[in-house]
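Colleague: Here the sequence shown is numbered in the working numbering, starting from 749 and rising by one per residue.
Idealized CB from N, CA, C, for every residue including glycine.
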Amino acid sequence: MIGTSLCRWAISYFAVAIAWLLLAEVLIVAGFGFPNHDIGGPDTLVIVHLISIGWLSTVLCGALFQFVPVLAARSLYAERWTLPALALLTLGLTVLLAGFLGLGGHISGPPWLLPVGAGLLIAGFTLVVANLGMTLWSARPLPGPARFVAGGLACICVTAAFGGMFSLVLSGTGVGAQWPDLLVSGVPIHAIAGLGGWLTFTAMGVSYRLLAMFMLAPDGDVRLGRLAWLAGIIALAIGLVGGVLALWRMTGLNLALLLAAAAALLSLAAYGRDVLGLYRTRKRRALELNTRMSFVALASLVAAAILGAAFVATGSFPSHVGALVFLVAFGWLTGLVLANLYKIVPFLTWLETYGPVMGRVPTPRVQDLVAERRALKWFVLFFAGSWAATLMLLIEAPLGFRVAVAVVMVATLGLSEEFIRARRLADVAEPLRLPTGAAAPHLLISRN
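(1) Out of curiosity, what's the CA-to-CA distance linking Arg-756 and Arg-1040?
(2) Can you tell me whether DSSP reads Val-970 as helix, strand or coil?
(3) Return yes when the Cβ of Val-1153 is within less than 8 Å of the Cβ of Ala-1132, no when it is not.
(4) Is Arg-1122 buried or exposed, if buried means 16 or more other CB atoms sit within 10 Å of its CB?
(5) Just verifying my parser: in three-state terms, what is the DSSP assignment at Val-1109?
(6) Three-state secondary structure (DSSP) at Ile-848?
(7) Using only the alpha-carbon positions, how far apart do Val-807 and Gly-853 sit?
(8) Extract the residue ranges of the alpha helix (DSSP H) inside the region 1102-1152, only unbroken runs of 4 or more that lie entirely within it.
(9) Determine the burial state of Ser-1194: buried for a count of at least 16 other Cβ atoms within 10 Å of its Cβ, exposed for fewer.
(10) Measure the C-alpha to C-alpha separation of Glu-1100 and Val-864 and round it to an integer number of angstroms.
(11) Please confirm if the region 899-908 is in contact with the region 819-827, defined as three or more CB-CB distances below 8 Å between the two stretches.
(12) For Ser-753, which of helix, strand or coil comes out of DSSP?
(13) CB-CB under 6 Å to Ala-960, same chain, minus the five flanking residues each way: which ones, in chain order?
(14) Taking the continuous alpha helix (DSSP H) assigned at Asn-1038, which residues delimit it?
(15) Rounded to whole angstroms, what is the Cα-Cα separation between Leu-978 and Leu-1003?
(16) According to the neighbour-count rule (16 or more other Cβ atoms, all chains shown, within 10 Å of its Cβ), is Gly-987 buried or exposed?
(17) So, with DSSP's three-state summary, where would you put Leu-837?
(18) How about Ala-1174 and Leu-1182: do their beta carbons lie closer than 8 Å?
(19) Where Val-1060 and Val-970 are concerned, what is the direct C-alpha to C-alpha distance, given to the nearest angstrom?
(20) Does the separation of the CB atoms of Asp-791 and His-797 fall below 8 Å?
(21) Got a sec? Which residues, its chain only, sit under 6 Å from Val-1050 by beta carbon, not counting five neighbours each side?
(22) Apart from the five residues on each side of it in sequence, which residues of its chain come closer than 8 Å, Cβ to Cβ, to Leu-964?
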């Protein structure tokens, strides 16, 4: 990536996303949302959208704006669209959350807050999809990891469309006999497209490239990721198209979801095999902290897949869906994102600060921007807290769940400090911190 143009606002996306994550964790610790309130109630919807849109989607958009040009070997189609997209996503989520709070009786607000918030979010995601989509379109035929991203972009379109329709129902704007049925039966499709397609499928694609890059593993084999991508696309097609058809005919939804789950398990198994293959062929024998923690996150994904299959087999899936979603959202996705941010933030900071003077003056290594031994304890706390919180949900211990999430919150704060220290070059030895010609980076904005 030496010489790659930096996305000016990627770090800003990361900062905004972490702020949303911390807010969600604070609310959970305070007893807001599930399991203290109904899993489908307005309070829980606040938490769900704080995590899925505010945290995971925002941080993923920032990462994609930086790394899709790397995957596609093309410049980002429209750098100038990235800041308006962030503004629309942030404003849209704020209005949407206000609508949910009004629905729950916490504030008094007009019913149109929900559809207006959804509309702003759709506008923001439209800019994101158009920008990344045009970048990928110019790079056809797409390399393997970029195909995952393309599939994820299609899924966020489906997610946003269903979310917009749900906002009409919840606000009372959508009236008619079909609307309540849409709200009940459409939620699984909305979740599959968002959590499974947009977040997980896209994360899988990006992780192929990042793991190979950070482990110095060869990833030139065109077969790498092919089965995982194909099985994943089949799973999403069955789940989304089959789900929509089942919703239209008012029958067959469970069959579509079961078939989609089977294909998804095959995709995850192939993905795990590919990741292990990258591990075996790596040239970097001693793995850095971010890579080791990525494998821990992958273990959470494996655990979620095993638990999900067991719950379906025993008929207990509905009663344990909250615990399973939490494990996927925190143990897998949040763990993977935080692990990669621990490398991405110092890596982008190094490129910005030392890339222009590299070869002319002595410069530090990327690893000199971080202190792995100090950061390790935060990752241990994070994963231990995430797994403990999942266990507390499984045994229906709400107070224990809140205590475990408090541990996760402390770990998130600790890792946030590590990211700030990397941007401030706080761990770089003084003689190498700012050599002649190097300029200190801004905290939230990158120089192109």
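Modeller: According to the data block:
(1) So the alpha carbons of these two residues sit roughly 29 Å apart.
(2) Three-state DSSP puts Val-970 in coil, outside helix and strand.
(3) No, they are not a contact pair.
(4) Arg-1122 is classed as exposed because its beta carbon has fewer than 16 other beta carbons within 10 Å across all chains shown.
(5) Looking at Val-1109 - three-state DSSP - the assignment turns out to be strand.
(6) First, the residue type needs correcting, since residue 848 is Phe and not Ile in the sequence shown. Three-state result, Phe-848: helix.
(7) Distance from the CA of Val-807 to the CA of Gly-853, rounded to the nearest whole angstrom, comes to 30 Å.
(8) Whole alpha helix (DSSP H) segments, 4+ residues: 1120-1142.
(9) By the 10 Å Cβ count, Ser-1194 comes out buried.
(10) Their Cα atoms are separated by approximately 38 Å.
(11) The way I'd put it, the region 899-908 doesn't touch the region 819-827; fewer than three beta-carbon pairs between them come closer than 8 Å.
(12) Coil at Ser-753, not helix or strand.
(13) Once the five neighbours on either side are set aside, the close Cβ partners of Ala-960 are Asp-967 and Leu-1026.
(14) Asn-1038 -> alpha helix (DSSP H) spans 1037-1062.
(15) Taking the straight line from one Cα to the other gives about 20 Å.
(16) Gly-987 comes out buried.
(17) Three-state result, Leu-837: helix.
(18) Cβ atoms of Ala-1174 and Leu-1182: not closer than 8 Å.
(19) Looking at the two C-alpha atoms, the distance is approximately 35 Å.
(20) For Asp-791 and His-797, no; Cβs fall outside 8 Å.
(21) Result list for Val-1050: empty, nothing under 6 Å.
(22) Answer for Leu-964: Arg-1030, Lys-1031 and Arg-1032, listed in chain order.
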